[in-house]
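Going left to right, the sequence shown walks through residues 34 to 221 as the working numbering numbers them. Glycine included, each C-beta is placed from N, C-alpha and C at the ideal position. Structure, as C-alpha cells:
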Amino acid sequence: MKVTSDCVKKAVIGVHWYVLFVKSGREHRVEQYLKKIVGIDMINPFIPLHEFLFKISGTVKRELKPLFPGYVFIESDMAGQEFIRKLYNKIYLLSDIVRILKYSDTEIAVRDSEKQMLLDLCNNEHCIESSRGVIKGDRIYITNGPLRGRESIIKKVNRHKRQALVEMEFMGDKRLVSVALEIVEKVV
C-alpha cells in the first residue's frame, strides 16, 4: 500500500503513525532527510502544523508553525516492530533525531483516538486552520473552522493574540496546544 499525505476524516485501518522526538527547530530538516533516504512507498513523514495569526500595520497575517515543536510524525503501513526493524538504523543516522516516542516497549504507534483527534482537526496538509467565533457572556461559540462543535476542548482564549489553548492527548499525555482563533464579536 502506498501511503499518501491526504488526511482522511476517518483513521485508515492498517496505517500507523509514529512520532520522532527531534532537536527543536530541526523538524523540516528531519522531514526532508526521511523523504530522501527512505522509500516514499514505505513511509510518509510530516509535521502537524497550525495557523498562527498576528497583526502587522493593521493587517492580519497568517504563518504556519509546528503544532508540536520538536516532533516529526511518520505515517506507515508497517506495524510497530517491523517499523523499528526496518528503519531503526536509518533513523538514527541523523544526529537531529533524538529518539522514537513510545507508550511502552510493545506500543509504539500513535493510538487511534489520538490520531483521530488530529485527523478531525487537520486539513489535507496536516494543518489546523484558524477558527472564528463569538463570545456570549462567558461561553464561546465557534461559528466556523476546525474547532466548530469542539468548544469543550478549548481551555483558554487570548483574544489579543488570536489564539486558543486546546487540550489534546499526545502520546498518552494531555497537552495544551495553541491554535488560531479569531473572536469576531463579544456580547455581554
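Notebook entry, point to check: Quick one, which of 220, 68, 163, 75 has its alpha-carbon nearest residue 115's?
Noted result: 75
Checklist line | Reduced DSSP secondary structure (H/G/I, E/B, other) of residue 170 | finding: coil
Margin query: Does residue 195 pass the burial test, meaning 16 or more other C-beta atoms within 10 Å, or should it be called exposed?
Written below: buried
Notebook entry, point to check: Is it the case that the Cβ atoms of residue 106 and residue 147 are separated by a distance below 8 Å?
Noted result: no
Margin query: Quick check on the DSSP output: the alpha helix (DSSP H) that includes residue 96 runs from which residue to which?
Written below: Careful: residue 96 lies outside any alpha helix (DSSP H), inside the beta strand (DSSP E) at 92–99.
Checklist line | Residue burial classification, residue 136 (beta-carbon count within 10 angstroms, cutoff 16) | finding: exposed
Note to self: Do residue 190 and residue 216 have their beta-carbon atoms positioned less than 8 Å apart in this structure?
What the structure shows: yes
Next item on the list: Would you tell me roughly how many angstroms separate the C-alpha atoms of residue 35 and residue 170, rounded to the nearest one?
Entry: The predicted model places residue 35 with a pLDDT of 38, which falls under 50 and marks its position as unreliable; any figure quoted below should be read in that light. Going by the C-alpha atoms only, they are around 49 Å apart.
Next item on the list: Go through the segment 130–180 residue by residue and report every complete run of the beta strand (DSSP E) that reaches 3 residues or more, in order.
Entry: 130–133, 164–169, 172–177
Checklist line | C-alpha distance - residue 160 paired with residue 220, whole-angstrom precision | finding: 30 Å
Next item on the list: Would you mind working out which of 48, 186, 187, 184 sits nearest residue 112, comparing C-alpha positions?
Entry: 48
Check: Cα separation between residue 207 and residue 89?
Finding: 33 Å
Notebook entry, point to check: Taking the continuous beta strand (DSSP E) assigned at residue 183, which residues delimit it?
Noted result: No beta strand (DSSP E) holds residue 183; DSSP gives it neither H nor E.
Notebook entry, point to check: Tell me the DSSP bridge mates of residue 112?
Noted result: DSSP, once it has assigned bridges, lists no residue as partnering residue 112.
Next item on the list: List the whole-angstrom C-beta distance separating residue 87 from residue 94, where the pair is believed to meet the contact cut-off of C-beta under 8 Å.
Entry: 6 Å
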